[in-house]
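Letter by letter, the sequence shown follows residues 476 to 862 in the numbering used here. These notes are about the structure you will find just below.
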Amino acid sequence: MNIIRIALAAAAVTLLAAPAGAQTAPKLKVGLMLPSSGTYAALGAAIENGFKLYVDEQGGKLAGREIEFAQVDDESDPAKAIDNVNKLLKRDNVDVLIGTVHSGVAMAMAKVAKETGTPMIVPNAGAGAVTGSMCAPNIFRSSFSNWQPGYAMGEVVAAKGHKSVVTITWKYAAGDESVQGFKEAFEKAGGKVVKELNLPFPNVEFQALLTEIAAAKPDAVYTFFAGGGAVKFVKDYSAAGLKKSIPLYGAGFLTDGTLEAQGSDAEGLLTTLHYADGLGTARDNAFRQAYAKAYKMPPDVYAVQGYDAAQMLAVGLVAVKGDLTKKAEFSAAIEKARIDSPRGAFTLSRSHNPVQDFYLRQVVGKENKLVGVASKALADPGRGCSL
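What follows is the structure in structure tokens.
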């Protein structure tokens, strides 16, 4: 009888304890759809590192929910994007989508996110459509629009007195939109883009186009390249002797995360971006120290964008106490937020793109040193967004 009583008592204790355990918030599954191979692999790694750094700083939880990650290599291939995002949604049952780098892949992701209502934060890809014609209450960006750094540099190049410019980029959304932003500002100030050169992504055979630049003899060249393509373009531009005769300007991705490989060929280059080495603020200094300690390397703009994507997610989750079924409240909280970023605090435009300062930076050694603010609180026009 004693044995039976003990067993019944143990069962009762178990039943009483069960409700407390049942109240534990389920894990929040975050789907990371980033490149882990190919031209943009290093960018994807930095974004992931930045995102995870912020989560780790919060003890592995956001709004009381433990974060669990599911990942897929998007291979920077738009043709595989729908299948890849569906792996995260249908196979892994993720609650939130974070991605990606390539603009074409991001647009496919945004299409699925809009159709399913899944919260999505874009930590890099600047495709105008994502916060333009494809904008949605559940889609946000922690980075930039392709238009923004191009527009900021257009103002800089015009202010330097250059009158004629040749542009060169990959023929895809990011390159096209970056050039459009540059051209809009530069020609508004009286300059003229005399030739627009491009080549298919991710082709890096630049020689024929460099010959065209030399023959055109413009006052300056504006370019958008990133990752491995940026490394090769800068080195080829210098090897062709053009660096000495025709100043090269670019969106900041030209020299972000690439300086180690570019070496002295990048020295002195001017770029515009929403981040720079040596901002010197307490917020940025703390972030840089934490990132270097965690990953044994200095952070770049991609790491900042990943970090801020996690910050934005946290803002929304805290507002709804971790309950993502409260979609309207989740979105409203992020819309109204002022994000305390290492780049400097930013808010969001009506189309959910950061309104932020763009810095003029110059390559000094292995750093993109701050020269000054090229464009203050620059907002993407969000053309086509009906939010």
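For each residue, glycine too, the CB sits at the ideal point set by N, CA and C.
Item                                                                                                                                                          : Value
So what does DSSP say about G725, is it helix, strand or coil?                                                                                                : strand
With distances taken Cα to Cα, identify the nearest neighbour of A634 among Y712, A849, A689.                                                                 : A849
Pull up the distance between the alpha-carbon of Y724 and that of E541, whole angstroms please.                                                               : 44 Å
Leaving out the 5 sequence neighbours to the left and right, which residues in its chain are closer than 7 Å to L846 when beta-carbon positions are compared? : Per the sequence presented here, residue 846 reads as Val, with Leu not at that position. The answer, listed in chain order, is L835, R836, Q837.
Can you tell which of N843, A852, G781, S806 has the C-alpha that lies nearest to the C-alpha of V597?                                                        : G781
Taking the alpha helix (DSSP H) that D783 belongs to, which residues open and close that run?                                                                 : 776-794
Using the Cα positions of G592 and N613, report the straight-line distance between them to the nearest angstrom.                                              : 6 Å
In whole angstroms, give me the CA-to-CA distance for E590 and L685.                                                                                          : 43 Å
Given a cut-off of 7 Å, decide if P553 and G579 are closer than it, judged by their beta-carbon atoms.                                                        : yes
Please name the residue or residues paired with I522 in a DSSP beta bridge.                                                                                   : Partner(s): none; I522 has no beta bridge.
Check the DSSP bridge columns for A695 and list the partner residues they point to.                                                                           : V640
Taking 6 Å as the line, does the beta carbon of L717 fall inside it for any heavy atom of the ligand ZN?                                                      : Absence of the ligand ZN from the depicted structure is noted, as is the absence of any ligand whatsoever, leaving it without description.
Put R763 into one of helix, strand or coil per three-state DSSP.                                                                                              : helix
Please state whether DSSP places S578 in a helix, a strand or coil.                                                                                           : helix
Check the DSSP bridge columns for G847 and list the partner residues they point to.                                                                           : L835
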